[in-house]
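Each remark here refers to the structure printed beneath this line.
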Amino acid sequence: MKIRYIIYLLLAIGLAWLIYHRITSNKKIEGEGKGGGPSGAKGGGGGAGLQVDGIVVATSNFTNDLEVTGTIEANESVSLRSEVPGLVTSINFKEGTTVNKGTLLVKINDRDIQAQLQEALTRQKLSGTNENRSKQLLEKGAISQ
């Protein structure tokens with residue numbers, strides 16, 4: 005216990021000495037500038053001046069705007085792909101517009117598909133004609149069953 009009190013006492017004495025030393029050194033610096041120190045003994049007054057930097061403050065208007073450069077990324081996106089390959093001939097929507105289900109968005113060059121459709125329809129018609137002819141010939145007994 006005695007050691008603790010001794011340590012506290014030494015710390016208090018050291019702190020008091022430090023405060024006293026600071027106060028007395030500040031008074032010496034202030035006294036030198038008024039002719040009391042070595043540089044003031046010749047009657048010129050004042051010691052060496054301290055260099056100080058300063059800024060003149062002026063009022064100005066502040067706007068609450070912020071200009072930045074960046075990239076915007078959408079929080080939702082949709083991937084479009086066609087069921088058949090081909091060249092896109094027209095785009096039927098504008099970027100950013102809302103579209104409904106079933107709306108024609110893109111037209112693809114469909115000449116090949118239309119030609120295949122016509123060929124299939126012609127084959128269907130020919131098959132129907134052949135079927136009718138075969139029925140008529142079967143009724144007449146001109147062909148075997």
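Residue numbers (the numbering used here): 5 to 149.
A virtual CB, placed ideally from N, CA and C, is assigned to each residue, including glycine.
Three-state secondary structure (DSSP) of residue i
i	result
GLN149	coil
ALA20	helix
Inter-residue Cα distance where the pair is residue i and residue j
i	j	result
GLU77	GLY100	13 Å
ALA45	LEU54	Annotation note: pLDDT 48 at ALA45 (below 50); position unreliable, no value reported.
GLY41	MET5	With a pLDDT of only 48 at GLY41, under 50, the local geometry of the prediction cannot be trusted, and the value read off the model is given with reservation. Each residue's Cα considered, the two are about 49 Å apart.
GLY18	GLY58	37 Å
GLN122	SER131	14 Å
LEU14	THR28	21 Å
Closer than 7 Å: residue i CB and nearest the ligand HEM heavy atom
i	result
VAL92	Here there are no bound small molecules, and the ligand HEM is not part of this structure.
Within 8 Å, strictly: CB atoms of residue i and residue j
i	j	result
LYS111	SER94	yes
LEU108	ASN96	yes
message: Quick check for students: name the residue ranges of the beta strand (DSSP E) that lie wholly in the region 55-135, counting only runs of 3 or more.
response: 92-95, 110-112
task: Count the CB pairs spanning the region 113-128 and the region 78-97 that are closer than 8 Å, and state whether there are at least three.
output: yes
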